[in-house]
Each structure stands twice: as C-alpha cells, then as structure tokens.
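Numbering (my numbering), first residue to last: 18 to 232.
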C-alpha cells in the first residue's frame, strides 16, 4: 500500500504525492499557505519559467520594426494630404497678390508670409564631406514621427554618431535626405516630404527635425 499522510485542516488521509489537500485545498508539507496552482508546486514553477519567454518574444527588434512601420504609414498619410491639397480646386483659382512698399501682404490676414518662408530657408543645415560615408554599409535608422497642426517632428535614432559634425541634412526638391556617420556604418534616411525645415537638434544620439507644415 502507498503511504499516506493526514491533512491537518480536514483530517482526511492524503497521498504523499500531493502538495495540497484534494478535499479542502489546504497546503501540505509546510508550504506556508502558498497557492501552487491546480497541479501543485511544479505547475507554478513552469508558468513562472515560461513568463520571461513570453515577454522576451516582443523583442527590441520587433518593436523597432513596428515603430518604423507606423512612421511609414504616417508619412504616406502626410503625402496623401499634400497631394489632395495640390489637386484641390483652390490650387487652380485666381492668385491675387497685394504688394505694400515692396512687401507682399497676405489677404487672409497673415502679415508678410513670403518673408516668413524666406527666414525658414535661411536655416544653415549641417553638411559633412561625402568622403566620410564612402565605402561604408548603409543602415536605416529607427524613426518616430509626431504630427501637430502646424509642424511635423521627426525623431531619428542614431547610436554611434558622435556629434552634429558627422551628420549631413539636405533639403531636396521633394524630400529631405539625412546621412550620419555611425560606428562602421552610415545611417541614411529619406524623408518623402518637402516641408521646410524649421529647426533641428542633435543630442543623446538622436536627431530631431522640426518641419513646417503650414500652408
């Protein structure tokens, strides 16, 4: 016969293989009242060991791909809005300009909009010699985008980039090209938006671009 032990709570006889009483679920063998689950202590330990694997499944690499995918979707949405604005009937309407003392006045109420645009274009963008990037493999940096009513913020992660002197930002006709010298590689990002660059900043291995999305 198999040896048995008695439950101190309900006084029923229980086999030695149990960690808890099958009648009243009281803990056995001095387990200090800790609930070990439906199958006993072994079941709890297996679940505890599996938990890190489940959380580890959402790795940094997968999370980075999700963020990049979301950024690309937002870029397409912004491009779609720009194309719709260009093709709207107002784009083909009569363009009336009022000049006062040689300066254009916006009939919608904004003062000197042309001068405001010129000020944005005078921003000195960092430029780095192309020789620094020659022969190095290219990498697509992790990017996040935030859109506001009057601007779009790009945050580009560039681990390994030491300073703004290793970064080149070029405003093209229909896009913005960003290159940066990292450790044994070159980060390259093409932003498919032709908004003027209002400001930029590089700190903690992250480049922040502020684009002006006002009409």
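By construction, the Cβ of each residue, glycine as well, lies at the ideal position given by its N, Cα and C atoms.
Proximity below 7 Å, CB of residue i to CB of residue j
i, j, result
"residue 151", "residue 178", "no"
"residue 173", "residue 160", "yes"
"residue 208", "residue 184", "no"
"residue 225", "residue 218", "yes"
"residue 32", "residue 21", "yes"
"residue 162", "residue 91", "yes"
"residue 153", "residue 202", "yes"
For residue i, the nearest candidate out of the options (CA to CA)
i, options, result
"residue 167", "22, 194 and 231", "231"
"residue 170", "40, 27 and 229", "229"
"residue 215", "175, 140, 35 and 193", "140"
"residue 181", "35, 195, 189 and 190", "195"
"residue 155", "142, 205, 189 and 30", "205"
"residue 189", "142, 97 and 95", "142"
"residue 98", "164, 83, 86 and 85", "164"
"residue 96", "212, 220 and 36", "212"
"residue 305", "93, 94, 88 and 191", "Given a span of 18 to 232 for the chain in the structure shown, any question on residue 305 remains unanswerable."
Sequence-distant residues of the same chain with beta carbon closer than 8 Å to residue i, five excluded per side
i, result
"residue 27", "38, 40, 41 and 43"
"residue 223", "172, 173, 174 and 175"
"residue 25", "43"
"residue 45", "22, 24, 31, 35, 36, 37 and 38"
7 Å Cβ shell around residue i - same chain, five flanking residues per side excluded
i, result
"residue 67", "Confidence is the limiting factor: at residue 67 the pLDDT is only 44, short of 50, which leaves the residue's position unreliable, though a coordinate-based value still follows. None."
"residue 84", "159 and 161"
Beta bridge counterpart(s) of residue i as assigned by DSSP
i, result
"residue 188", "193"
"residue 229", "168"
"residue 162", "171"
"residue 156", "204"
"residue 224", "173 and 219"
"residue 214", "228"
"residue 31", "22"
"residue 150", "Residue 150 is not bridged to any residue."
"residue 84", "Answer by DSSP bridge pairing: none, since residue 84 is not bridged."
"residue 44", "37"
"residue 198", "203"
Close beta carbons around residue i, own chain, < 6 Å, minus the five adjacent residues each side
i, result
"residue 149", "198"
"residue 29", "40"
"residue 146", "none"
"residue 220", "none"
"residue 108", "Reliability fails at residue 108, whose pLDDT of 46 lies under 50, so the model's placement of it is uncertain and no value is given."
Cβ-heavy atom distance, residue i to the ligand COA, below 6 Å
i, result
"residue 213", "The ligand content of the structure shown is nil, which means the ligand COA is not present either."
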